[in-house]
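First to last, the protein sequences are chains A and B.
For the first sequence, the numbering used here assigns the number 371 to the initial residue and increments by one for each residue that follows.
For the second sequence, the numbering used here assigns the number 371 to the initial residue and increments by one for each residue that follows.
2 protein chains.
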Amino acid sequence: MTPFSLKLIATGKALPTQKVSSDELDKRLNKPAGYVQKRSGIIYRHHADLHLTQAGLAGQAILNACQNANLSLSDIDLLIAVNGVPQQALPSTASHIFAHLNWQGAGYDVNASCVGFLPALEQAGALLNMGCYKRIAICASDLASRGLNWQDDETALIFGDGAACVILEKGTDNDGGLLGFLMKSYPDGIEYCQIQAGGTAKNPKTGMCEDDFYFKMDGYGVFKKTSEVLPAFLDNLLNTPKNPLTIQKIDLWLVHQASHLGMSHLIKRLGIAPQKVINIYPTHGNQVSASLPTVLHEAVSTGQWQQGKTVALVGTGAGLTLAGAIWQI
Amino acid sequence: MTPFSLKLIATGKALPTQKVSSDELDKRLNKPAGYVQKRSGIIYRHHADLHLTQAGLAGQAILNACQNANLSLSDIDLLIAVNGVPQQALPSTASHIFAHLNWQGAGYDVNASCVGFLPALEQAGALLNMGCYKRIAICASDLASRGLNWQDDETALIFGDGAACVILEKGTDNDGGLLGFLMKSYPDGIEYCQIQAGGTAKNPKTGMCEDDFYFKMDGYGVFKKTSEVLPAFLDNLLNTPKNPLTIQKIDLWLVHQASHLGMSHLIKRLGIAPQKVINIYPTHGNQVSASLPTVLHEAVSTGQWQQGKTVALVGTGAGLTLAGAIWQI
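Structure below.
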């Protein structure tokens, strides 16, 4: 991949107002006190009530980013709407966002499960550098709570809802940009994370049951496969064309907030300094595709997004799909 | 948008083996002889049996394109999987294609209802020209038959299933490329075309019924809104940066095969010479996102895709979304 310039203009985020604490879940699920927090690693996560739409939450994140940039919607030339699960089978979530905001925009959806933000970032960079658009917004949104099976501790306890938006321009050569990008699918992991209904596979014509609408995960499978392939994947990602990097040369790690065990294993296994990893998991949970841009928003909000830093964005998603990008700020 | 080079290496397509003739539907639906063909404008369409998966059909189209280019899957650096409706809510249809083909590839889904092929084409062009990838496959697939309500003549009769793939490289300056691209959403048309279930909006938690899984269309609404906005949209599309075009200067029209009435109205209203428009609708129907690349494959297969021609690709999709591209071959 050719490195190219990319300038982060602003970020924004949105969370449903309803906080669901692990203490509250202990009671709701008839568990001993402290069980849910210990099992999930989460203090609280946000879950949308049934009136909130995915496009509504995404719209809040977009308006928040626009406000932070002193821009209006008409200043955005393209919206890339990222989601792990869309609002409807048809039309696109981008269309629903346009309708929610009453915005005659241009845009489409990108989906790569939990890591869709990363190919959207590469696309946006390429489109901006080719002069196709002046300013692009990427907004990732997911309402994971709509697909949780409360009978299944391994999955139901770790997810939170959310949306986050970044606004990008080409910038100048001094603004930094993407140094590297890598994505790879490991199809023997296709069954590790699934919601089987929702498309052409399971529906009234082919047969379906309530269970097909719930998120199912083989956590051990994900863990084992990720442990097996991640070191070589990272080596390839860090081997950027002009200036090969090492794990130690990365100043800031923005990782998909998959689970507390997954993240702590990654940090130990790869020898990453924990203080370089942004961790919002205890107060957000795994927000599917919204995790990565929410972490980026956190980096900006807390002043850790600073010019001169070399940032690695990395995640694992259903598929099994690995994706990563190196961003020189 | 900056014009950029783009070289079509090969195309491929796949159709389910099962042909459903309009005569057969007359009998199945207890209609008088000739009713379905007159109403739909279709002689026959292809519908998948319940064992065929969307990824299976997409995989056939990809292998067909690879064969036509004398390439193997390992020669494809990125797969952009386009669909109107995905195979499952999670993971991406790209992941399912990788699993079906046992291919450790890189890729993601793009969704803009019926016109997703066009933003995928612009993205692919930008990514190739920025040197991010050497060779990109775009494969659009849809199994519309899985979402048809046979009680609803307006929608059930006009759709067919299919998949089509194009393989692209940057090419040289002599290979032509994209001269223009335009996409726009008209959100007052959000309810004209919908499948409401399948995502976070309608599911077991929020409430759903069988009807929510079927495609619903306000055909008159689509027609009225498209008629209103298309002329100005086309003017903007044809007003390419370096060499503004007119409708008469377009040599070949590759249009989304929405319906026979929609297409014939478009041709008359805009004063397009009918022989310049590729029409596969009578034997394919509306194949949702697979229509546009299937039409492109038809142009290549019939020798109408010739160097020096200026081609317009245009379509209307749910949302309501209009998209168009100008390709100088």
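The C-beta atom is built at its ideal place from N, Cα and C for all residues, glycine as well.
So that I know if they touch, is there some Cβ in chain B lying closer than 7 angstroms to that of A:GLY750? This structure cannot settle anything about residue 750 of chain A, because the visible part of chain A is limited to 371 through 699.
With 16 other Cβ atoms within 10 Å as the buried cut-off, status of B:ASN472: exposed
Checking the sheet assignment: what are the DSSP bridge partners for B:MET578? Paired residue(s): none; B:MET578 is not in a bridge.
Quick one: any contact between the stretch 651 to 667 of chain A and the stretch 517 to 535 of chain A, if contact means 3 or more CB pairs under 8 angstroms? yes
Under 8 angstroms from the C-beta of A:ILE349: neighbouring residues of chain B: Because chain A in this structure spans residues 371 to 699, residue 349 of chain A falls outside the shown range and cannot be described.
Rounded separation between B:TYR405 and B:GLU394 - CA only: 11 angstroms
What residues of chain B sit near A:TRP473, judged by a beta carbon separation below 8 angstroms? SER555, PRO557
Within the same chain, show all residues whose beta-carbon is closer than 8 angstroms to that of A:PHE603, passing over the 5 residues directly before and after it, in chain order. LEU552, LYS554, LEU692, GLY694
Let me confirm a value: A:THR672 is counted as buried when at least 16 other C-beta atoms fall within 10 Å, else exposed. Which label applies? exposed
Which runs of the alpha helix (DSSP H), 4 residues or longer, sit entirely within the stretch 434 to 521 of chain A? 463 to 471, 487 to 499
Can at least three beta-carbon pairs, one atom from the stretch 447 to 463 of chain B and one from the stretch 567 to 575 of chain A, be found at a separation below 8 angstroms? yes
Status (buried if at least 16 other CB within 10 Å, exposed otherwise) for A:GLN676: exposed
With DSSP run on the structure shown, which of helix, strand or coil describes A:THR610? coil
Taking the alpha carbon of B:ILE537 as the point to measure from, which residue in B:ASP558, B:ALA464, B:ASP447, B:GLY678 has its own alpha carbon closest? B:ASP447
Sequence-distant residues of the same chain with beta carbon closer than 7 angstroms to B:VAL599, five excluded per side: TYR556, LEU692
Short of 6 angstroms in beta carbon distance, which residues of its chain neighbour B:LYS377, apart from the five on each side in sequence? Order them along the chain. GLU539, GLY541, ASP545
Among the residues of its own chain, which have a CB less than 7 angstroms from the CB of A:ASN422, if the five just before and after it don't count? The sequence shown places Leu at residue 422 of chain A, not Asn. Around A:LEU422: PRO386.
Along the stretch 373 to 387 of chain A, where does the CB come closer than 9 angstroms to a CB of chain B? Name the residues. PHE374
Can you tell which of B:GLU580, B:GLN674, B:LEU427, B:VAL592 has the C-alpha that lies nearest to the C-alpha of B:ASP621? B:GLN674
So, using beta-carbon positions, are A:ASP582 and A:GLN566 closer together than 7 angstroms? yes
Integer-rounded CB distance, given that B:ALA476 should sit under 8 angstroms from B:ALA435: Not really, about 17 angstroms apart at Cβ, beyond 8 angstroms.
Kindly list, in the order they appear in chain A, the residues whose Cβ is closer than 7 angstroms to that of B:TYR478. VAL480, ASN481, ALA482, GLY486, PRO489
Measuring straight from C-alpha to C-alpha, what distance separates B:LEU640 and B:TYR562? 23 angstroms
Excluding sequence positions up to five away, which residues of its chain have a Cβ less than 6 angstroms from the Cβ of A:GLN407? SER392
Are the CB atoms of B:LEU498 and B:ARG409 nearer to each other than 7 angstroms? no
Contact set between the stretch 422 to 452 of chain A and chain B, restricted to residues whose Cβ is under 7 angstroms from the partner: THR423, GLN424
For B:TRP520, is the classification buried or exposed, using 16 other Cβ atoms within 10 angstroms of its Cβ as the cut-off for buried? exposed
Less than 7 angstroms between CB atoms is the rule here; does A:LYS575 satisfy it with respect to chain B? yes
Contact set between the stretch 583 to 599 of chain B and chain A, restricted to residues whose Cβ is under 9 angstroms from the partner: PHE583, TYR584, PHE585
Flag this pair as yes or no: are the beta carbons of B:GLY486 and B:SER375 separated by less than 7 angstroms? no
Pair every Cβ in the stretch 613 to 631 of chain A with every Cβ in the stretch 682 to 691 of chain A, then say whether three or more of these pairs are closer than 8 angstroms. yes
Mind reading off the beta-carbon distance from A:SER465 to B:LEU460? Whole number of angstroms is fine, and I expect it under 8 angstroms. In fact, because the Cβ distance is near 20 angstroms, the residues do not count as touching under 8 angstroms.
Examine chain A for any beta-carbon lying closer than 7 angstroms to the beta-carbon of B:LEU513, and answer yes or no. yes
Give the secondary structure of A:SER661 by DSSP, where H, G and I count as helix, E and B as strand, and everything else as coil. helix
How many Å lie between A:ALA669 and A:ALA451 at the Cα? 21 angstroms
Where does A:PHE593 fall in DSSP's three states? helix
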